[in-house]
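Per the working numbering, the very first residue in the sequence shown carries number 50; after that it's consecutive.
Here a beta-carbon is modelled for each residue, glycine too, at the ideal position from N, C-alpha and C.
What follows is a short report on a single structure.
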Amino acid sequence: MADVVDDATRSRMMAGIRSRNTRPELAVRHALHAMGFRYRLHMRELPGKPDMAFPGRRAAVFVHGCFWHGHDCPLFRAPSTRPEFWRVKIDRNRARDATVRKQLAEAGWRALTIWECALKGRDRLEPGQVMAEAAAWLRSGTGFSEIRGGRHGIG
Ligand SMILES: [Zn+2]
């Protein structure tokens with residue numbers, strides 16, 4: 050990796066890695082648990098190893114970093130170095146996300162994506178709003194949905 054990644058890109062990558070298990074993500078988890086939702090972390094038996102899986106509701110929740118998953122939002126900035134390298138990599142991640150959703154649906158599961166920008170950055174939502182929208186989705190039986198930063202929230 051040392052020969053293909055410059056310092057700025059490396060720090061962006063590390064920031065992306067550190068965004069797992071962030072405080073806001075843990076706050077959402079703990080709030081859902083306190084509301085009586087029971088989940089398992091990173092179930093290997095499921096496509097995409099969801100961050101949270103709710104077997105009783107056949108519901109999977111992913112918390113996606115906006116850079117790695119190529120989100121169309123202010124937290125995503127295309128790297129200025131080796132843009133083609135990153136474009137291919139991020140396109141591959143997006144394609145894999147789509148495949149995972151399809152495989153989950155085929156297995157009778159539904160999926161919610163909570164985007165990083167809903168949890169941090171200037172467009173973040175109140176943690177209570179993220180939790181309330183996630184809880185509403187879990188109860189609703191709705192198929193694929195997502196929660197993103199900005200005024201619109203769930204979409
Ligand atoms: Zn985003």
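Item checked: Any non-hydrogen atom of ligand 1 within 7 Å of Arg197 CB -> At least one heavy atom of ligand 1 is nearer than 7 Å to the Cβ of Arg197, so yes.
Check: Nearest-angstrom Cα distance between Leu187 and Thr148?
Finding: Those two C-alpha atoms are separated by around 21 Å.
Note to self: Given this structure, state the Cα-to-Cα distance separating Arg106 from Ala183, to the nearest angstrom.
What the structure shows: In a straight line, the C-alpha of Arg106 is about 13 Å away from that of Ala183.
Next item on the list: Report yes if the C-beta of Phe125 is less than 7 Å from at least one heavy atom of ligand 1; otherwise report no.
Entry: Correct: Phe125 has its Cβ closer than 7 Å to ligand 1.
Margin query: Please classify Pro132 as buried or exposed, where buried requires at least 16 neighbouring CB atoms within 10 angstroms.
Written below: Per the 10 Å Cβ criterion, exposed.
Check: Mapping DSSP to helix, strand and coil, what is Glu74?
Finding: Of the three classes helix, strand and coil, the one that applies to Glu74 here is helix, per DSSP.
Note to self: Taking 7 Å as the cut-off, is the beta-carbon of Glu182 closer than that to any non-hydrogen atom of ligand 1?
What the structure shows: Distances taken from the Cβ of Glu182 to the heavy atoms of ligand 1 include none shorter than 7 Å.
Item checked: Rounded C-alpha distance that separates Leu153 from Thr130 -> Rounded to whole angstroms, Leu153 to Thr130 spans 35 Å at the Cα level.
Check: What do you reckon, is the C-beta of Trp186 under 7 Å from a heavy atom of ligand 1?
Finding: Flag unset: Cβ of Trp186 not near ligand 1.
Check: Pairing CB atoms from the segment 117-126 with CB atoms from the segment 95-102, are three or more of them under 8 Å?
Finding: No: the two stretches stay apart, fewer than three of their Cβ pairs being nearer than 8 Å.
Check: So does Glu94 have its beta carbon nearer than 7 Å to some heavy atom of ligand 1?
Finding: No, ligand 1 has no heavy atom inside 7 Å of this Cβ.
Margin query: I'd like to confirm the pairing. Which residues does DSSP put opposite Glu195 in its beta bridges?
Written below: In the DSSP output, where bridge partners are listed per residue, Glu195 has Thr162.
Item checked: Cβ-based burial, Arg197 [other Cβ within 10 Å; buried from 16] -> It is buried - the Cβ of Arg197 has at least 16 other Cβ atoms within 10 Å.
Note to self: Taking 7 Å as the cut-off, is the beta-carbon of Trp158 closer than that to any non-hydrogen atom of ligand 1?
What the structure shows: Not one heavy atom of ligand 1 is found less than 7 Å from the C-beta of Trp158.
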